[in-house]
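The structure appears below as structure tokens.
Number of protein chains: 2
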Amino acid sequence: MTDKEKFLGEFEHVLLLALLRLGQDAYGAKIRTLLKETIERDVSIGALYATLERLESKGLIGSFMGESTPERGGRAKRYFEVKAKGKLALKRSRGAIDLMWQGVSLSCEC
Amino acid sequence: MTDKEKFLGEFEHVLLLALLRLGQDAYGAKIRTLLKETIERDVSIGALYATLERLESKGLIGSFMGESTPERGGRAKRYFEVKAKGKLALKRSRGAIDLMWQGVSLSCEC
DNA sequence: TATGTTTAATCTACAATATAGAATATATAA
DNA sequence: TTATATATTCTATATTGTAGATTAAACATA
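Listed in order, the protein sequences are those of chains A and B.
If you count by our numbering, then the first sequence holds residues 1 to 110, one letter each, in order.
If you count by our numbering, then the second sequence holds residues 1001 to 1110, one letter each, in order.
Printed below as a string of structure tokens:
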């Protein structure tokens, strides 16, 4: 099959990057905090997982359950990681945006 | 009011850039062709106008009908232009993406 | 071992964005 | 007055984005 490559939604794009940045430590709450702190995007846990789930079902990321031995109690974490296919999608997406920005300058009015 | 700034969808982002690049000549078919040629994104006219419409209703772009005097026949064109608010949104969006990309390198595997 | 507290993930429902293709409008040419 | 060309509008649906309540699993301690 032709593997009709779709484009990433913006939130998907940003989420993939969050996973890459967090590396070993990419799980729900951590991701949420990162997004909040770096780009002030304040998303709910539900929104977060829904998109992660979708990304996984598209094969762009993978996930696995971590050790169930937290310090003070609490359920085990589910860690996420970007797969090769996800990295490729990121490259494409970024590439397209960069191409479109070529020659555009917003230096002035706004 | 706090003017809760939303994020641009990816297609919205790309469309705004297309308008900026086309300048005076930004109307349906032309936009569609540009997208096809620069980033190989082959979108239908319907999809295109639907998004332009949304962008306009959000106040990010404006539009006006052009001269109804084409060479060989055909309906008058509707031209689009990016407003200051649209430029601002672009800046924000681009800024967020750039921030998230900081420190991320995809040099290798994919 | 029951009950509370903590941390985290899943579920449910809905809103916004993306997308296509048919239908319609308007102009010119024959 | 009909055909042809160019362009926009309409209608319908799929995919993404979003929130908040609910459930799960661990630990502490009475």
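Here a beta-carbon is modelled for each residue, glycine too, at the ideal position from N, C-alpha and C.
Values in this document were obtained by computation on a predicted structure and should not be read as measured data.
| Check | Outcome |
| --- | --- |
| Residue interval of the alpha helix (DSSP H) (run including glutamate 37(A)) | 28-39 |
| Beta-carbon contacts of glycine 1086(B) that lie in its chain and below 6 Å, excluding the five residues immediately before and after | Leu1016, Leu1060 and Ile1061 |
| Integer-rounded CB distance, given that glycine 1066(B) should sit under 8 Å from lysine 1077(B) | 4 Å |
| Under 7 Å by beta carbon: chain B residues contacting glycine 62(A) | Here the premise fails: no neighbours, minimum Cβ distance about 14 Å. |
| Same chain, Cβ closer than 6 Å to leucine 1019(B), neighbours up to 5 away in sequence not counted | Ala1026, Phe1080 and Val1082 |
| Unbroken alpha helix (DSSP H) run spanning glycine 86(A), endpoints | 84-101 |
| Lysine 58(A) to serine 107(A) span [Cα, whole Å] | 38 Å |
| Chain-order list of residues whose beta-carbon lies under 7 Å from that of glutamate 1012(B) (same chain, five-residue window excluded) | Thr1051 and Leu1055 |
| Proximity test, Cβ basis, 8 Å: glycine 9(A) and chain B | yes |
| For glycine 9(A), three-class secondary structure by DSSP | coil |
| Serine 1057(B): first and last residue of the uninterrupted alpha helix (DSSP H) it sits in | 1045-1057 |
| Which of helix, strand or coil DSSP assigns to arginine 1021(B) | helix |
| Simplified DSSP state of serine 107(A), which is helix, strand or coil | coil |
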